[in-house]
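Numbered per our numbering, the sequence shown finishes at 707, counting up by one with no gaps.
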Amino acid sequence: MAGNSDNILVILGVTQFISLTMLRVACKSIISFIGIALNLDLVYVTFRTKSIQGTCNILIALNALFTAFFEFSYITEFIIAINRLNPIKLTLCFFLQFFPMFGANCATVFILFIGVDRFISTALPTWQNRINRTYYLMVIIAVCWTYSLFVVYAAFQVDFSSTYDNKSVGCQVSDLYRDEVSSMTARNNIILNLATVACYVGVWILIKATKREVSSRFFKSCVAIMLSVTLGWFLFSIANIIIGIFELTTTPQWYLLFTVGILQSAADASHAPILYVFSNQYKHAFRDQFHRIAVMFRLRKTQHMIHSHSTVLQSNNFIKHESHKKVNLNLDVEVQISSLSAYRTTCPGVPGTIDLTETINEIHHVTETTMNTLSIIFNCYLLYLIKYHSTFGVKLYKYLLTIDAMLDLFLSVGAFLAQPVVLVANGHTVLTSNGFLAGRSPVFDSLFATFYFFVLHTNIVWIAVQFVYRYRLLCKNNANPILSSLLITTVATTYSFFALWIITGLCQVREEYQLTGREVLQSNSWSHAELQIIMGRHISEWQMIVYVTLWVVTCSASIGIVVWCEQVISKNFSQLSNLSQGGAQRMHKEFHYALLAMAICPLVTTTIPVLYFMFIIVLRLCPGLTSAIMTIFLSSITLFNPLTTIVCFRCYRRFTIRLLTCGRIYNPAKIQSTFLQGQNVTQNITTTG
Numbered sequence: 019m020a021g022n023s024d025n026i027l028v029i030l031g032v033t034q035f036i037s038l039t040m041l042r043v044a045c046k047s048i049i050s051f052i053g054i055a056l057n058l059d060l061v062y063v064t065f066r067t068k069s070i071q072g073t074c075n076i077l078i079a080l081n082a083l084f085t086a087f088f089e090f091s092y093i094t095e096f097i098i099a100i101n102r103l104n105p106i107k108l109t110l111c112f113f114l115q116f117f118p119m120f121g122a123n124c125a126t127v128f129i130l131f132i133g134v135d136r137f138i139s140t141a142l143p144t145w146q147n148r149i150n151r152t153y154y155l156m157v158i159i160a161v162c163w164t165y166s167l168f169v170v171y172a173a174f175q176v177d178f179s180s181t182y183d184n185k186s187v188g189c190q191v192s193d194l195y196r197d198e199v200s201s202m203t204a205r206n207n208i209i210l211n212l213a214t215v216a217c218y219v220g221v222w223i224l225i226k227a228t229k230r231e232v233s234s235r236f237f238k239s240c241v242a243i244m245l246s247v248t249l250g251w252f253l254f255s256i257a258n259i260i261i262g263i264f265e266l267t268t269t270p271q272w273y274l275l276f277t278v279g280i281l282q283s284a285a286d287a288s289h290a291p292i293l294y295v296f297s298n299q300y301k302h303a304f305r306d307q308f309h310r311i312a313v314m315f316r317l318r319k320t321q322h323m324i325h326s327h328s329t330v331l332q333s334n335n336f337i338k339h340e341s342h343k344k345v346n347l348n349l350d351v352e353v354q355i356s357s358l359s360a361y362r363t364t365c366p367g368v369p370g371t372i373d374l375t376e377t378i379n380e381i382h383h384v385t386e387t388t389m390n391t392l393s394i395i396f397n398c399y400l401l402y403l404i405k406y407h408s409t410f411g412v413k414l415y416k417y418l419l420t421i422d423a424m425l426d427l428f429l430s431v432g433a434f435l436a437q438p439v440v441l442v443a444n445g446h447t448v449l450t451s452n453g454f455l456a457g458r459s460p461v462f463d464s465l466f467a468t469f470y471f472f473v474l475h476t477n478i479v480w481i482a483v484q485f486v487y488r489y490r491l492l493c494k495n496n497a498n499p500i501l502s503s504l505l506i507t508t509v510a511t512t513y514s515f516f517a518l519w520i521i522t523g524l525c526q527v528r529e530e531y532q533l534t535g536r537e538v539l540q541s542n543s544w545s546h547a548e549l550q551i552i553m554g555r556h557i558s559e560w561q562m563i564v565y566v567t568l569w570v571v572t573c574s575a576s577i578g579i580v581v582w583c584e585q586v587i588s589k590n591f592s593q594l595s596n597l598s599q600g601g602a603q604r605m606h607k608e609f610h611y612a613l614l615a616m617a618i619c620p621l622v623t624t625t626i627p628v629l630y631f632m633f634i635i636v637l638r639l640c641p642g643l644t645s646a647i648m649t650i651f652l653s654s655i656t657l658f659n660p661l662t663t664i665v666c667f668r669c670y671r672r673f674t675i676r677l678l679t680c681g682r683i684y685n686p687a688k689i690q691s692t693f694l695q696g697q698n699v700t701q702n703i704t705t706t707g
């Protein structure tokens, strides 16, 4: 085994960035990037276009979503190939490829259910119209998740057994299937793919018998997707058979599997193009999206041309005025390069980067202080607007906005005082403070950190709660067991996560942990004189990964509630004009868009940095700066929410513009005259040209 690992290491060529194999791995990751973008775009187009929101369309979108999860495995493999000089442990690879492995198994079962749905809709169209679509899709999703979790758990038991304690792999998803799990997965894939083919053969027979043209056109796209997935699995199985029969050595084995992987990644990225070619409905949906994007870029290009032509005269006058000054640009460049080279050294795990040993905590402190000060000011200003300048008559909206602003204000105050930073190294996780009260007393540090994390978790939960209130207000549906159970699950998961953090972290502050905590600080380039109190400590890095996973689950549940409620509320906007006179529909839409912006921005700014931080933990790559960036992103929620609220509500926006105009900070008339002047310059240039 050791010889094979060494050969694979030589083949990968991780010590040479210009090796042929590294370029091929890069090409593989580029294909996966394209596939992720296309599959996520397919999901977005499906949930945005009402004409393609049937059960089969939603199943195709879910298959594309979980296929995008699987395609992240190629990017993980590429990052490991660049940053690691040895194959990584199998147990570490399991956590890195957990979500891609889960997505691959879910996508396999979704392909089968797409065929089953097509067969049912063709054979029994009246029965499918009578069933509850929500329950129907939930049963399918539950079956897919159950099967995928079963395979993942079986792989977990084998990979973490004593047989593979010191096993090193190249960290592909296929490396996680060992012994009986490999044979079980291969057998299940054969059964699932044969069942899928049987479903489509049955649909083809029914279409030929009934001569349905519309079903035939959509059937072609489904068959093409099925063939792309099935052929990719078939090629991979044939490659494994060839390796077993001919007993190929490591080098031919690597190139054969690599070629098959390229074809598989291309097949996974082909779902959206296949639907565009074969389905007229998807073609119109994608063309509408492309048209909106083209209009947006054309508008930006026009604005850029107007701005550039309006400033050309000022630029010429400035050049004439400054032409007599002799500036030695080469000397300035040399001085800048020498000043940068004085600070250039190596960061742990990242060669050739700037040394931030003495400045990383100052950068974090200054950025957090500035951001939280601005958020405190904007949230206080928003509370003033809600109290005295709200023109909408629904009191529930005022209460929701007030609670939003108060939570953001509390979170910004907690971040201003505590400024917590989570650092991981040497198998330990340390929570320390970089705020104004850091190092004064462990009691104050622990209390402020507890307050900060409690408000942060409450803020995430409140995103889902306010959408549920909006749904019950507008849709008049107070008894929805699915939505209520999902909300209760989200709240329970969030505060269980918070309690677990407090019990295992902040309650373990003891003197014997101080030495370990300071070692973690030094290994993360976070050595500062004020950081003397270690607020929390966790025994293993994997506990931190569990916390991050729970956080992602909470944010995902909140996103699910937001998306579901947003879809239902949007369908009821046409009925809002009958509620009252005087712009009731506009008021509800303003609040809807503001609430949607306040939901999407925090969930995105919290989920992506936390996932990246978990990836940095398992790869052990300079997590000090990463942790600082993550906490800054978490605190940015309090700055996004008041700004989006002020922009979305016309009453708040008008008062702010009047306030800025009185203070001579904002002058709309001057901006409009400048715009017209630039437009005239553009017309003159085009006529003279």
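All C-beta atoms, glycine included, are put in the ideal place defined by N, C-alpha and C.
Given a cut-off of 8 Å on the beta-carbon distance, is the pair Ile650 and Thr385 in contact? It is a contact, given that the beta carbons lie within the stated cut-off.
Compare the beta carbon distance of Leu796 and Phe128 with 8 Å and say whether it is the shorter of the two. The question about residue 796 has no answer here: the residues shown for the chain are numbered 19 through 707.
From what residue to what residue does the alpha helix (DSSP H) around His289 run? His289 to Phe296
Quick check on this structure: which residue in Arg671, Met648 and Ile478 has the alpha carbon closest to the alpha carbon of Ala575? Proximity to Ala575 across Arg671, Met648 and Ile478 peaks at Ile478, based on C-alpha coordinates.
Determine the closest residue to Trp222 out of Ser283, Thr140 and Val176, with distance taken between C-alpha atoms. Taking the Cα of Trp222 as reference, the smallest distance to any Cα among Ser283, Thr140 and Val176 is reached at Thr140.
May I ask you to report which of helix, strand or coil DSSP gives Thr450? strand
Inter-residue Cα distance where the pair is Gln175 and Ala122: Using only the alpha carbons, I get a separation of about 19 Å.
Taking Ser47 as the reference, give the member of Ile675, Phe65 and Ala86 with the closest Cα. Ala86
Apply the 10 Å Cβ neighbour rule to Leu212 and answer buried if 16 or more other Cβ atoms are within range, or exposed otherwise. exposed
Which residue's Cα is closest to the Cα of Gly72: Tyr300, Cys217, Asn184 and Cys669? Nearest of Tyr300, Cys217, Asn184 and Cys669 to Gly72, Cα basis: Tyr300.
Inter-residue Cα distance where the pair is Cys573 and Ala82: 20 Å
Give the straight-line distance between the Cα atoms of His289 and Ile54, rounded to the nearest whole angstrom. If you take the alpha carbons of His289 and Ile54, they lie about 11 Å apart.
In whole angstroms, give me the CA-to-CA distance for Trp251 and Gln307. 32 Å
Go to Lys416, then tell me how far its alpha helix (DSSP H) extends in each direction, as first and last residue. Lys413 to Ala436
By the 10 Å Cβ neighbour count, where 16 or more other Cβ atoms means buried, how is Arg676 classified, buried or exposed? exposed
Ordered along the chain, which non-local residues of its own chain (more than five positions away) have a Cβ less than 7 Å from that of His383? Hits under 7 Å: Gln437 and Asn452.
Assuming Ser166 is part of the alpha helix (DSSP H), what are its boundary residues? Segment Arg151 to Asp177, the alpha helix (DSSP H) holding Ser166.
Bounding residues of the alpha helix (DSSP H) (the contiguous stretch that carries Ile70): Counted as a single uninterrupted DSSP element, the stretch harbouring Ile70 is not any alpha helix (DSSP H), since DSSP gives it neither H nor E.
List the DSSP bridge partners of Val439. In the DSSP assignment, Val439 forms a beta bridge with Thr450.
So what does DSSP say about Lys185, is it helix, strand or coil? Three-state DSSP puts Lys185 in coil, outside helix and strand.
Residue from Leu80, Val440 and Lys107 whose Cα sits closest to the Cα of Asn184: Lys107
Tell me which same chain residues have a C-beta within less than 8 Å of the C-beta of Ala285, skipping the five on either side of it? Excluding sequence neighbours, Ala285 sits near Ser246, Val247, Leu249 and Gly250.
Check for me: the alpha helix (DSSP H) holding Tyr670 runs from which residue to which? For Tyr670, the enclosing alpha helix (DSSP H) begins and ends at Arg668 to Cys680.
Suppose the cutoff is 7 Å on Cβ atoms and the five residues either side in sequence are ignored; what does the same chain contact list for Tyr165 look like? Asn123 and Val127
The alpha helix (DSSP H) with Val127 in it runs from where to where? Phe116 to Ala141
Who does Lys107 pair with in a DSSP beta bridge? Ser186
How many Å lie between Ser186 and Leu194 at the Cα? 11 Å
Below 7 Å CB to CB, which residues in the same chain sit around Leu465 once its five sequence neighbours on both sides are set aside? So the list is empty, once near-sequence residues are dropped.
Three-state secondary structure (DSSP) at Thr144? helix
Measuring CA to CA, which of Ala482, Ser50, Val61 and Arg196 is closest to Ile280? Selected option, being the one with the closest Cα: Ser50.
Alpha carbon to alpha carbon, how far is Leu110 from Val440? 21 Å
Taking buried to mean at least 16 other C-beta atoms within 10 Å of its own C-beta, is Ser180 buried or exposed? exposed
Does the Cβ of Trp145 have 16 or more other Cβ atoms within 10 Å, making it buried, or fewer, making it exposed? Result: exposed.
Considering only residues of the same chain and omitting the five flanking positions on each side of Asp197, which have a CB-CB separation below 7 Å? Val176
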